[in-house]
Amino acid sequence: MRISREAGTILRMRADAGRFAPSPSGDLHLGNLRTALIAWLSARSAGLEFIVRMEDLDRVTSSVAHEAAQLRQLAAIGIDWDGAVVRQSERFTRYDEAIAQLAAAGCTYECFCTRREIREAAAAPNGQPAGSWSRQSGREGNVLIADGAYPGTCRGLSDADRQQLRAVGREPAIRLRADGVVVSVEDLGFGTVRGAVDDVVLRRNDGVPAYNLAVVVDDAAQGVGEVVRGDDLLASTPRQVRLQQLLGVPTPRYRHVPLVLGADGVRLAKRHGAVTLADLAARGIDADNVRSMMAASIDLTEPGEPVTMIDLLARFDPNLIRREPWILPIDLQRSEL
Ligand code: GLU
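For what it's worth, our numbering labels the leading residue of the sequence shown as 9, then goes sequentially.
So this is what it looks like as structure tokens:
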């Protein structure tokens, strides 16, 4: 039985919502919108609530104007959501409490390294580039290797070392003491994926909580039972599942959705031309056409057939989502339909 979505710091309640969690750093493009549509269809067709969360930890790129624009773009496609849209920038207390919980359990350490030092330590012949880490993100067999694993320089610092570093003005980041644990995740799209968890940053040295920590705290606090998101985050999922285990919160069901590529086979980006709803509208492709295009990409319509969200809900079958990226059927630079 549900208590209240916001009850408790890191909640202990039945998790039953789906979600979309964009970073409000620009207009949503076709790739973001397609992931949002699939997440919405997946949640709504199962009778789940659907929430939108603004992941605005990066105060430089995030803005309230982008946030409002993204909400308008979701609505234009027909995506609705339950409750208030929460902002991560307003939830630091929750993240600090979770970090304190991990620290109390001995699962964190202070890291004084600069980015440059990390790069250099990892490159040094006797640096500790962490034997089993690959420096590349991606899938290797069925074991995921996270990008840029930390070489462990500060893992064994003594109190005196730390004091010395503070005395010269260094502020520490907080890292997870992961002990290289390997975590298995059951992904509804990709099957079983195993990942070696690295000593991921939990709080940056400027005091800002890190994405992996914030996302876990929020998914738990907001009762998210289903995470449908782009497969660029598959490699981070073992870290997030490890954090869930350590914080004692449930692991949601995960479904990672392949990204959208431009007609040139490269991940969709602004340089592909008309990738946002405004760009497309200016070329005569309205939000209804965009919905149809996205629906055709998951075999819920024939290309060009008009569809409503109600039609899509009735037709949705998660098994139709392919494992391959969706390559846009139009050249956005020329916007040929
Ligand atoms: N905020 C992330 C992004 O925009 C998504 C995080 C998530 O879905 O877990 O890429």
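The beta carbon of each residue, even a glycine, is placed where N, CA and C say it ideally should be.
These figures come from a predicted structure and were not determined experimentally.
- [ ] Count the other CB atoms, across all protein chains shown, that sit within 10 Å of the CB of Pro217; report buried if there are 16 or more and exposed otherwise.
- [x] Counting from 1 along the sequence shown, the entry for residue 217 is found at position 209. The residue is buried, with at least 16 neighbouring Cβ atoms inside 10 Å.
Open item on the list: With distance defined between alpha-carbon atoms, name the residue in Val60, Val68, Asp66, Asp90 nearest to Ala76.
Closed with: As a first step, residue 76 is located in the sequence shown; it is residue number 68 there, counting from the start. Looking at Val60, Val68, Asp66, Asp90, the one whose alpha-carbon comes closest to that of Ala76 is Val60.
- [ ] Take Pro260 as the anchor and find which of Gly270, Asp287, Val225 has the nearest alpha-carbon.
- [x] Here residue 260 refers to the residue found at position 252 of the sequence shown. Residue Val225 holds the alpha-carbon nearest to the alpha-carbon of Pro260 among Gly270, Asp287, Val225.
Task: the stretch 230 to 247 touching the stretch 182 to 196, judged by at least three CB pairs closer than 8 Å - done: Judged by Cβ distances under 8 Å, the stretch 230 to 247 makes contact with the stretch 182 to 196, as three or more pairs qualify.
Task: Spatial distance of Glu63 from Leu173 (CA atoms) - done: As a position in the sequence shown, residue 63 is number 55, starting the count at 1. As a position in the sequence shown, residue 173 is number 165, starting the count at 1. The straight-line gap from Cα to Cα measures roughly 32 Å.
Task: Whether Leu308 touches Gly39 by CB criterion (7 Å) - done: Residue mapping note: residue 308 aligns to position 300 of the sequence shown, counting from 1. Residue mapping note: residue 39 aligns to position 31 of the sequence shown, counting from 1. No, Cβ-Cβ distance for Leu308 and Gly39 is not below 7 Å.
TODO: Verify whether the separation of the beta carbon atoms of Gly197 and Arg263 is less than 7 Å.
DONE: Position 189 of the sequence shown, counted from the start, is the residue given in the question as residue 197. Position 255 of the sequence shown, counted from the start, is the residue given in the question as residue 263. For Gly197 and Arg263, yes; Cβs fall inside 7 Å.
Open item on the list: Please tell me whether, using a cut-off of 6 Å, the distance from the CB of Ser50 to the nearest non-hydrogen atom of ligand 1 is below it.
Closed with: As a first step, residue 50 is located in the sequence shown; it is residue number 42 there, counting from the start. No; taking the cut-off as 6 Å, the Cβ of Ser50 has no heavy atom of ligand 1 nearer than that.
Task: Nearest neighbour of Leu285, chosen from Leu255, Asp24, Arg299, Val274 [CA to CA] - done: Looking up residue 285 in the sequence shown gives position 277. The residue with the shortest Cα to Cα distance from Leu285 is Arg299.
Task: Assigned exposure category for Gln171 - 16 Cβ within 10 Å defines buried - done: Against the sequence shown, residue 171 aligns to sequence position 163. By the neighbour-count rule (16 or more Cβ atoms within 10 Å), Gln171 is not buried but exposed.
Task: Identity of the residues DSSP links to Tyr262 by a beta bridge - done: Indexing the sequence shown from 1 puts residue 262 at position 254. Bridge partners of Tyr262 according to DSSP: Asp195, Val235.
- [ ] Have a look at Phe58, Ser53, Gly114, Leu45 and flag the residue whose alpha-carbon is nearest the alpha-carbon of Ala84.
- [x] Taking the first residue of the sequence shown as 1, we reach residue 84 at position 76. The closest CA to that of Ala84, considering only Phe58, Ser53, Gly114, Leu45, is found on Leu45.
TODO: For Thr245, name the three-state secondary structure that DSSP assigns.
DONE: On the sequence shown, residue 245 is found 237 positions in, with the first residue counted as 1. DSSP, read as helix, strand or coil, puts Thr245 in helix.
- [ ] Considering only heavy atoms of ligand 1, list every residue whose Cβ is less than 6 Å from one of them, following chain order.
- [x] Having a Cβ closer than 6 Å to some heavy atom of ligand 1 are Ala29, Pro30, Ser31, Glu63, Val223, Arg237, Leu241.
Task: Residue closest to Leu110, alpha-carbon to alpha-carbon, out of Cys162, His74, Leu210, His37 - done: Walking along the sequence shown from the start, residue 110 turns up at place 102. Ranked by how close their Cα comes to the Cα of Leu110, the residues Cys162, His74, Leu210, His37 have Leu210 in first place.
Open item on the list: Here's the rule: buried if 16 or more other CB atoms are within 10 angstroms of the residue's CB, otherwise exposed. What is Gln96?
Closed with: Stepping through the sequence shown from its first residue, residue 96 is reached at position 88. Buried, because 16 or more other Cβ atoms sit within 10 Å of the Cβ of Gln96.
Open item on the list: The alpha helix (DSSP H) that contains Val298, what's its start and end?
Closed with: By 1-based counting over the sequence shown, the position of residue 298 is 290. In this chain, the alpha helix (DSSP H) harbouring Val298 covers 295 to 305.
TODO: Look at Tyr103 and Ala222 and say whether their C-beta atoms are less than 7 Å apart.
DONE: As a working mapping, residue 103 is identified with position 95 in the sequence shown. As a working mapping, residue 222 is identified with position 214 in the sequence shown. Their beta carbons are under 7 Å apart, which means Tyr103 touches Ala222 by this criterion.
Task: Per-residue DSSP class, three states only, for Thr161 - done: Counted from its first residue, the sequence shown places residue 161 at position 153. In the three-state DSSP reduction, Thr161 falls in the coil class, being neither helix nor strand.
Open item on the list: Could you tell me the alpha carbon to alpha carbon distance between Ala129 and Met317, rounded to whole angstroms?
Closed with: Residue mapping note: residue 129 aligns to position 121 of the sequence shown, counting from 1. Residue mapping note: residue 317 aligns to position 309 of the sequence shown, counting from 1. About 52 Å.
TODO: Report the rounded CA-to-CA distance for Ala51 versus Phe58, giving the unit in angstroms.
DONE: Sequence index remark: in the sequence shown, residue 51 carries index 43 (1-based). Sequence index remark: in the sequence shown, residue 58 carries index 50 (1-based). A straight line joining the alpha-carbon of Ala51 with that of Phe58 spans about 6 Å.
- [ ] Kindly give me the distance between the Cβ atoms of Cys162 and Cys121, rounded to whole angstroms, as I take these residues to be in contact under 8 Å.
- [x] Looking up residue 162 in the sequence shown gives position 154. Looking up residue 121 in the sequence shown gives position 113. So it is a contact: roughly 6 Å between Cβ atoms.
Task: Sequence-distant residues of its chain with Cβ nearer than 7 Å to Val249 (five each side left out) - done: Locating residue 249 in the sequence shown gives position 241, where the first residue counts as 1. Excluding sequence neighbours, Val249 sits near Val191, Val193, Thr259.
- [ ] Following the continuous beta strand (DSSP E) through Arg211, name the residue where it begins and the one where it ends.
- [x] Residue mapping note: residue 211 aligns to position 203 of the sequence shown, counting from 1. Arg211: member of the beta strand (DSSP E) spanning 209 to 211, first to last residue.
Task: Contacting residues, own chain, Cβ-Cβ under 7 Å from Val268 (five flanking each side not counted) - done: As a working note, residue 268 is residue 260 in the sequence shown. Around Val268, the same chain offers Leu38, Gly39, Arg42, Leu276, Pro333, Trp334, Leu336 as residues with beta carbons nearer than 7 Å, after the five sequence neighbours per side are excluded.
TODO: Just confirm the distance between the C-beta atoms of Arg27 and Val235, as a whole number of angstroms; I'd bet it's less than 8 Å.
DONE: Counted from its first residue, the sequence shown places residue 27 at position 19. Counted from its first residue, the sequence shown places residue 235 at position 227. Yes, Arg27 and Val235 are in contact; Cβ-Cβ is about 7 Å, under 8 Å.
Task: Whole-angstrom C-beta distance between Asp207 and Ala186, which should lie under 8 Å - done: Walking along the sequence shown from the start, residue 186 turns up at place 178. Walking along the sequence shown from the start, residue 207 turns up at place 199. Contact holds; Cβ gap of about 5 Å.
Task: Distance between Val265 and Arg331 (C-alpha atoms, nearest Å) - done: Against the sequence shown, residue 331 aligns to sequence position 323. Against the sequence shown, residue 265 aligns to sequence position 257. Looking at the two C-alpha atoms, the distance is approximately 7 Å.
- [ ] Inspect the beta-carbon positions of Ala106 and Val232 and report whether they are closer than 7 Å.
- [x] Here residue 106 refers to the residue found at position 98 when the sequence shown is read from its first residue. Here residue 232 refers to the residue found at position 224 when the sequence shown is read from its first residue. Taking 7 Å as the Cβ cut-off, Ala106 and Val232 do not qualify as a contacting pair.
TODO: Can you grab the Cα-Cα spacing for the pair Gln144 / Trp48, in whole Å?
DONE: By one-based count along the sequence shown, residue 144 stands at place 136. By one-based count along the sequence shown, residue 48 stands at place 40. The predicted position of Gln144 is uncertain, since its pLDDT is 41 and thus under 50; a value taken from the coordinates is nonetheless stated next. Straight-line Cα distance between these residues: approximately 31 Å.
Task: Short Cβ contact (7 Å threshold) for Gly273 with His280 - done: Numbered from 1 along the sequence shown, position 265 holds the residue referred to as residue 273. Numbered from 1 along the sequence shown, position 272 holds the residue referred to as residue 280. In this structure, His280 does not lie closer than 7 Å to Gly273 by Cβ.
Task: Where Glu57 falls: helix, strand or coil (DSSP) - done: Along the sequence shown, read from residue 1 onward, the residue named residue 57 stands at position 49. Glu57: strand per DSSP, three-state reduction.
TODO: Using the Cα positions of Asp296 and Val257, report the straight-line distance between them to the nearest angstrom.
DONE: For this step, residue 296 is matched to residue 288 along the sequence shown. For this step, residue 257 is matched to residue 249 along the sequence shown. Taken atom to atom, the span from the alpha-carbon of Asp296 to that of Val257 is near 39 Å.
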